[in-house]
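Following my numbering, the numbering of the sequence shown begins with 150 at its first residue and continues without gaps. We put the beta carbon where it would ideally sit given N, CA and C, even for glycine. Every value quoted in this text rests on a predicted model; they were computed, and no experiment measured them. Single-structure report; data block below.
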Amino acid sequence: MAALGSAGPVLLLLAALSVLSVAVFVARLIALRGASAGAAARADWLDAVEGGAMPGAPVGGGAPADRLLARAAALLPRRPAPEALTAELEAMGATEVAALGRGVRTLEIIGLIAPLLGLLGTVLGMIQSFRALELAEGAANASILAGGIWQALLTTAAGLIVTIPALVGAAILQSRIDRATDEMERVIGRAALAAALPRS
């Protein structure tokens, strides 16, 4: 680490951010597994309700949309106003979306600050190079300058190596969240439609 000079602390910090981003991504990827699953079963249940039947409570899955559907199933027999049902399900859905989104912002922040840390390491490396040239006076040669430059470029590369996977990971997680959100919106819309249907 001493051979890296002023770049050493920056590289250590970037390494820590890299480990953090991988840990967050893996944990959230596992948590989001199946977040949009069960669409066919939900559609079948809602089809039955829209057809005038009032089937029993749907078999609950682990997806956020399943929890919204279970709540809708509990409310629909009471014949709520569509607006009231929509408001309650949307409030519940907002809580679900907030829970789904945990970790994405962390990856986005890592993707934002990692290249800046790489740039900081670059600046520190260049300062070290020119300081070494100044101290060498008449004995200065290209190797003194090159030593600082490679350190500077190393931190720039390290910053990009941390940034790119973090941003890609955030995009992957966000796409899964978007799919789960679409499923919740579909449940809310169809439940409101079912609430508006006349009942015999």
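| query | result |
| --- | --- |
| Whole-angstrom distance between GLY318 and GLY267, CA atom to CA atom | 20 Å |
| Continuous alpha helix (DSSP H) stretch holding ILE231: start and end | Residue 231 is actually Pro in this sequence, not Ile. Unbroken alpha helix (DSSP H) run through PRO231: 231-249. |
| Three-way DSSP call (helix, strand, coil) for MET333 in this model | helix |
| Burial state of GLY183, where buried means 16 or more other Cβ atoms lie within 10 Å | exposed |
| C-beta atoms of THR235 and ALA341 nearer than 7 Å | yes |
| Three-state class that DSSP yields for MET203 in the structure shown | coil |
| Length of the line joining the Cα atoms of MET150 and ALA180 | In this predicted model, MET150 has a pLDDT of only 48, less than 50, meaning its place in the structure is not dependable; the value taken from the coordinates is given anyway. So the alpha carbons of these two residues sit roughly 37 Å apart. |
| Which listed residue (GLY338, GLY274, ARG325, LEU282) has its alpha carbon closest to that of PRO158 | GLY274 |
| Inter-residue Cα distance where the pair is ILE321 and PRO347 | 42 Å |
| Segment limits, alpha helix (DSSP H) that includes LEU218 | 213-224 |
| C-alpha distance - ILE258 paired with ALA202, whole-angstrom precision | 49 Å |
| Three-state class that DSSP yields for PRO158 in the structure shown | helix |
| Span separating the alpha-carbon of ALA307 from that of VAL336 | 44 Å |
| Nearest neighbour of LEU218, chosen from LEU261, LEU238, PRO231 [CA to CA] | LEU238 |
| Within 7 Å, strictly: CB atoms of ALA221 and ALA186 | no |
| Span separating the alpha-carbon of ALA223 from that of VAL171 | 40 Å |
| Spatial neighbours of ALA315 in its chain, beta-carbon cut-off 6 Å, leaving aside the 5 residues before and after | SER170, LEU256, ILE259, GLY260 |
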